[in-house]
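Let me begin by presenting the structure, written as structure tokens, before commenting on it.
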Amino acid sequence: MAELRTRIAGLEMENPTMLASGILGQTGESLFRIVREGGAGAVVTKSIGLEPREGHGSPCLLELDNGILNAMGLPNPGIDSFGEEMAVALKAGAPVIGSIFSDSPSNFAALARKMEGYGAAAVELNLSCPHAEKFGLDTGSDPAKVAEIVSAVKSAVKMPVFAKLSPMVPDITAIALAAEDAGCDAIVAINTMRAMKIDIDIGKPVLRNKVGGLSGRAIKPVGVRAVYEIAGRVKVPVIGAGGVYTGRDAVEYLMAGASAVQIGSAVRERGIGAFGIVSAEIAEFMKENKYKSLNEIIGLARGK
Ligand code: SIN
9 MAELRTRIAG LEMENPTMLA SGILGQTGES LFRIVREGGA GAVVTKSIGL
59 EPREGHGSPC LLELDNGILN AMGLPNPGID SFGEEMAVAL KAGAPVIGSI
109 FSDSPSNFAA LARKMEGYGA AAVELNLSCP HAEKFGLDTG SDPAKVAEIV
159 SAVKSAVKMP VFAKLSPMVP DITAIALAAE DAGCDAIVAI NTMRAMKIDI
209 DIGKPVLRNK VGGLSGRAIK PVGVRAVYEI AGRVKVPVIG AGGVYTGRDA
259 VEYLMAGASA VQIGSAVRER GIGAFGIVSA EIAEFMKENK YKSLNEIIGL
309 ARGK
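For the sequence shown, the positions run 9 to 312 when this note's numbering is used.
Shown next, in the form of structure tokens:
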């Protein structure tokens, strides 16, 4: 089997697949299983805030033809209750990346400090939730605010800092460059896209929050484009996310310039084994096409 072990922003991973934030990332037990039974190279927790939060209420998740529409609304137990979950997750032996959200640079820094204290290998700044007032695009679409948050977090912790970006901005590379200039160690692209489903029999939006974030196959071309554009401008690694279901999807992101991929929606379809399956499919693709290392693939479509 081709060598899939990789190192991203100092994180040692058995393979280039990570659990994306938002899917099965709220308990230590499920994060543990995603590594040990599922074969993920790293896991990202559900986004955690300063205070416990209930979220938007049901219905908050819909399966659509080509993806999943969710408006969870950032439900989470609050950072002070998350240490026990982290302790369980860490026993799996893979890097655990703490996803955090907030509305100010100082609160992001406080959350990151706690995540570092819990043993997180890195922190992922959720700057891109498309449907939670105050906590997403208000900040994530403004390069100056993104830079301020990244810089506050970088001053607060020693671990690597990742910024997860939204594609719903005129120029995602401007946001990525602002994050990189402020010291960010990797860019994650993309978060879900603002979308809606209407029940035509009752004439109303289906989601309680009306608007949600679309993930899955429908957004993969947007994610691949975003990674391609970002990887052409920044020096830090880019982690691709959005619609990775198969090894071929992952290779597409790698060829666009991603160093690793996150998998979320596919877990609902392929089960928690999705990470091991996608990794085996990447290795199979490499063997069939005589690629010896991931580095030969990363950025190939860009002419490097
Ligand atoms: C949620 O919990 O609402 C999803 C988070 C996100 O889309 O960033």
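A virtual CB, placed ideally from N, CA and C, is assigned to each residue, including glycine.
Can you tell me which of Ala288, Ala128, Gly30 puts its alpha carbon nearest to the alpha carbon of arginine 256?
Ranking the options by Cα distance to arginine 256, first place goes to Ala288.
Helix, strand or coil for asparagine 84, going by three-state DSSP, please let me know.
Three-state DSSP puts asparagine 84 in a strand.
Hey, how far is the Cα of lysine 162 from the Cα of methionine 21?
When rounded, the distance between both Cα atoms is 22 Å.
For lysine 205 and histidine 64, what's the separation of their Cα atoms in angstroms?
Cα to Cα, lysine 205 sits roughly 16 Å from histidine 64.
Residues in the same chain with beta-carbon distance under 8 Å from serine 149, minus the five sequence neighbours each way, listed in chain order, please.
The answer, listed in chain order, is Ser174, Met176, Val177, Ile183.
Please name the residue in Ala117, Gly36, Lys228, Glu62 whose C-alpha comes closest to that of valine 52.
Taking only the C-alpha atoms, the option nearest valine 52 is Gly36.
Which of the three DSSP states, helix, strand or coil, is assigned to leucine 173?
Note: leucine 173 maps to strand in three-state DSSP.
Which same chain residues end up closer than 6 Å to leucine 98 when comparing Cβ atoms and leaving out the 5 residues on each side of it in sequence?
Val104, Gly127, listed in sequence order.
Could you tell me whether any non-hydrogen atom of the ligand SIN is closer than 7 Å to the CB of threonine 35?
No; taking the cut-off as 7 Å, the Cβ of threonine 35 has no heavy atom of the ligand SIN nearer than that.
With a threshold of 7 Å, establish whether the CB of cysteine 192 neighbours any heavy atom of the ligand SIN.
Because no heavy atom of the ligand SIN lies under 7 Å away, the Cβ of cysteine 192 does not count as near it: no.
To the nearest angstrom, report how far apart glycine 81 and histidine 139 are at their CA atoms.
Looking at the two C-alpha atoms, the distance is approximately 7 Å.
Which term fits asparagine 74, buried or exposed, when burial requires 16 or more other beta carbons within 10 angstroms of its beta carbon?
Exposed, since its Cβ has fewer than 16 Cβ neighbours within 10 Å.
Since threonine 147 is in the alpha helix (DSSP H), which residue starts that stretch and which ends it?
Counting along the chain, the alpha helix (DSSP H) containing threonine 147 begins and ends at 145-148.
Could you give the C-beta distance for alanine 130 and methionine 167, rounded to a whole number, given that I count them as a contact under 8 Å?
Going by Cβ atoms, the distance from alanine 130 to methionine 167 rounds to 5 Å, so yes, they are a contact pair.
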